[in-house]
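Comments concern the structure below.
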Amino acid sequence: MAAPDRTGSASIPELIRKKRDGGRLEEVEIRSFVQGVTEGTVQEAQIGAMLMAIRLQGMDLGETEILTRALAESGQQLQWPEAWRRLMVDKHSTGGVGDKVSLILAPALAACGCKVPMISGRGLGHTGGTLDKLEAIPGFSVVQSPEQMRELLEQAGCCIVGQSQELVPADGILYAIRDVTATVDSLPLITASILSKKAVEQLSTLVVDVKFGEAAIFPSQERARELAQALVGVGARLGLRVAAALTTMDSPLGCCVGHGLEVEEALRCLEGGGPPDLRDLIAQLGGSLLWLNGQAPTLAQGAAQIGATLDNGSALGQFQAMLEAQGVASDLARALCSGSPAQRQGLLPTAPTKEELKTASEGTVEKIRALPLAQVLHELGAGRKRAGDPLHFDVGLELLVSVGQRVSAGTPWIRVYHRGPGLSPSHRQRLQEALRLSGREPFVPDPCLRELILPPSMKG
Ligand code: IUR
Numbered sequence: 176m177a178a179p180d181r182t183g184s185a186s187i188p189e190l191i192r193k194k195r196d197g198g199r200l201e202e203v204e205i206r207s208f209v210q211g212v213t214e215g216t217v218q219e220a221q222i223g224a225m226l227m228a229i230r231l232q233g234m235d236l237g238e239t240e241i242l243t244r245a246l247a248e249s250g251q252q253l254q255w256p257e258a259w260r261r262l263m264v265d266k267h268s269t270g271g272v273g274d275k276v277s278l279i280l281a282p283a284l285a286a287c288g289c290k291v292p293m294i295s296g297r298g299l300g301h302t303g304g305t306l307d308k309l310e311a312i313p314g315f316s317v318v319q320s321p322e323q324m325r326e327l328l329e330q331a332g333c334c335i336v337g338q339s340q341e342l343v344p345a346d347g348i349l350y351a352i353r354d355v356t357a358t359v360d361s362l363p364l365i366t367a368s369i370l371s372k373k374a375v376e377q378l379s380t381l382v383v384d385v386k387f388g389e390a391a392i393f394p395s396q397e398r399a400r401e402l403a404q405a406l407v408g409v410g411a412r413l414g415l416r417v418a419a420a421l422t423t424m425d426s427p428l429g430c431c432v433g434h435g436l437e438v439e440e441a442l443r444c445l446e447g448g449g450p451p452d453l454r455d456l457i458a459q460l461g462g463s464l465l466w467l468n469g470q471a472p473t474l475a476q477g478a479a480q481i482g483a484t485l486d487n488g489s490a491l492g493q494f495q496a497m498l499e500a501q502g503v504a505s506d507l508a509r510a511l512c513s514g515s516p517a518q519r520q521g522l523l524p525t526a527p528t529k530e531e532l533k534t535a536s537e538g539t540v541e542k543i544r545a546l547p548l549a550q551v552l553h554e555l556g557a558g559r560k561r562a563g564d565p566l567h568f569d570v571g572l573e574l575l576v577s578v579g580q581r582v583s584a585g586t587p588w589i590r591v592y593h594r595g596p597g598l599s600p601s602h603r604q605r606l607q608e609a610l611r612l613s614g615r616e617p618f619v620p621d622p623c624l625r626e627l628i629l630p631p632s633m634k635g
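The numbering used here applies: residue 176 is where the sequence shown begins, and numbers increase by one.
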């Protein structure tokens, strides 16, 4: 143990020094750090230093489990009626560009009879956050108490909320400081952050979408697999059935990036349309959840059940119920969920200036690099420079071509929605460089899902 102070517990600088020098933190040490974070007695500089020490030295599975439990216990635990116990499922993502899966999957799962008490996050770095996207819908409130969450699940079968003073407050504090101290890409910190929120939810089954690729936290599939294994392993230690899906994040998911535009694309998917890569990923993640939770005999049949909820309007009905239950005026929720894209015009934030860029040559679209697109969009106002900064929900990008498609020179390939007066030369150049063309024949891109890591109980 680190040297105790006069009150008998190790001082925070001692704990930081111990981790900095590669030591293993004991349970009481991790708990006293998290307690100090929650109570506000640990200074921000000390939190940043400890996060960096963990980022550089790592934590073993035992330390990660204790950190997860301590974060989860920093607030209230959710309680559900006994009849719901086997129906509680959720999905979480490590963050991507254009990733609006949660907006569609939560109501699709609710339409399959599940209860989905999703505690979600805000944007980290260049990636967009589910809560930020939902706040683009006028009136939507992500702040909900545990009692309100129970009512939301009764009314709509799903809810999407943020962590708060009552729900995993310590994760909220660490999450915001990680974002500004280059400590996001830490395996134990990601694992504890995600699983603490899910431990509070008292789930039956969780699927985590672990992204890899240029625009993901971990570019390499190997490193993403390590994170996936930590999530599944720590989940098992906590008594949670956790599976992890390894999915690609090189090009944006779907065609739209930016808060308001992504809500519009989610609505198209909930109406049975939308881009094929997005729909396929939703069906695979939802199908895995239904299968692992015993609600479908196979993953393929689970995926078909999810697809049916998109085609028959039942997922859209649950989405509308969720919007109304979380504060959106009934006539707006109805108009968003029963109109055509043309009828929805003006209901969601869309920036006034539209600019299209054209292809410089002919070729086959090999890749549309999500990272520079997201960075430019961040600079146009979609992201935060400092924790708590307001966002522009109306700026966005719409891809007008897809990976694998043949294009001729001069084809409009991206539409940028911004607040004017015009894109800067640097923005234009970085956007143009994101489009990678090749000389090969047109092709059908591989699905995003590359590997599914199952919980130990399903490994036979
Ligand atoms: N989502 C979370 O809830 N926490 C994290 O650290 C990441 C994504 I990365």
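Using N, Cα and C, we set each Cβ at its ideal position, and we do this for glycine too.
To which residues of the same chain is residue i closer than 6 Å at the C-beta, ignoring the five residues directly before and after it?
i	result
E389	D425, L546
D569	G435, P524, T525, A526
N468	V264, S379, T380
M293	D265, A281, I335
R195	A228
T539	R581, S613, R615, P617
Q232	K194, G197
G556	H567, V570
T422	D384, K386, C623, L624
A399	V385, F387, F393, L421
E626	L421
G250	E341, L342, V343, P344
A419	V383, V385, A403, L406, V407, I628
R181	Confidence at R181 is low in this model, with a pLDDT of 47, below 50, so the placement of that residue should be treated as unreliable; the coordinate-derived value is given next. Answer for R181: no residue qualifies.
M225	I191
Helix, strand or coil: how does DSSP classify residue i here?
i	result
E668	Residue 668 is absent from the model: the chain starts at 176 and stops at 635.
F315	coil
M696	Residue 696 is absent from the structure shown; the chain starts at 176 and stops at 635.
G183	Its pLDDT being 49, under 50, G183 is placed unreliably by the model, and the measurement read from it follows with that caveat. DSSP places G183 in coil when its eight states are reduced to three.
G408	helix
V209	helix
V551	helix
H434	helix
V570	coil
E202	helix
E189	helix
S119	In the structure as shown, the chain begins at 176 and stops at 635. Residue 119 is therefore absent and cannot be evaluated.
E616	coil
L575	coil
P587	strand
L627	strand
R443	helix
P450	coil
A220	helix
L413	coil
R244	helix
A562	coil
R594	coil
A471	coil
M633	helix
What residues in its chain sit with their C-beta under 8 Å from that of residue i, if we drop five residues either side in the sequence?
i	result
S316	Q501, G502
V276	K266, S268, D384, L428, L453, L456, I457, L460
T243	T366, A367, L370, S371, A374, V409, L413
G579	T539, V540, P617, F618, V619, P620
I222	V212, I348, L349, I352
R519	E439, L442, A510, L511
V272	H301, T302, G303, A390, M424, P427, L428, V432, A545, L546, L548, A549
Once the 5 residues before and after residue i are set aside, which same chain residues still bring their CB inside 7 Å of it?
i	result
L474	G462, S463, W466
V537	The identity of residue 537 in the sequence shown is Glu, whereas the question assumes Val. Around E537: V582, S583, A584.
T205	Just to set this straight, residue 205 is Ile in the shown sequence, not Thr. Correct list, in chain order: E238, I241, L242, A245.
A285	V291, A331, G332, C333, Q493
A504	G314
L299	G270, D354, V359
E219	I352
Is residue i near the ligand ZN, judged by its Cβ being under 7 Å from some heavy atom?
i	result
K372	With respect to small molecules bound, the structure shown includes the ligand IUR and not the ligand ZN.
Which ranges does the alpha helix (DSSP H) cover as unbroken runs of at least 4 residues, wholly within the region 324-394, from first to last along the chain? 344-354, 362-375
Tell me whether the region 346-359 and the region 314-329 touch, counting them as touching only if at least three CB pairs, one residue from each stretch, are closer than 8 Å. The way I'd put it, the region 346-359 doesn't touch the region 314-329; fewer than three beta-carbon pairs between them come closer than 8 Å.
Please give me, in chain order, every unbroken run of the alpha helix (DSSP H) with length at least 4 that falls completely inside the region 476-534. 489-500, 505-513, 516-519
Quick one: complete alpha helix (DSSP H) runs, 4+ long, within the region 250-312? If we require 4 residues or more, the alpha helix (DSSP H) runs fully inside the region 250-312 come out as 276-286, 305-309.
Determine, using beta-carbon pairs with one atom in the region 238-258 and one in the region 295-315, whether at least three such pairs fall under 8 Å. no
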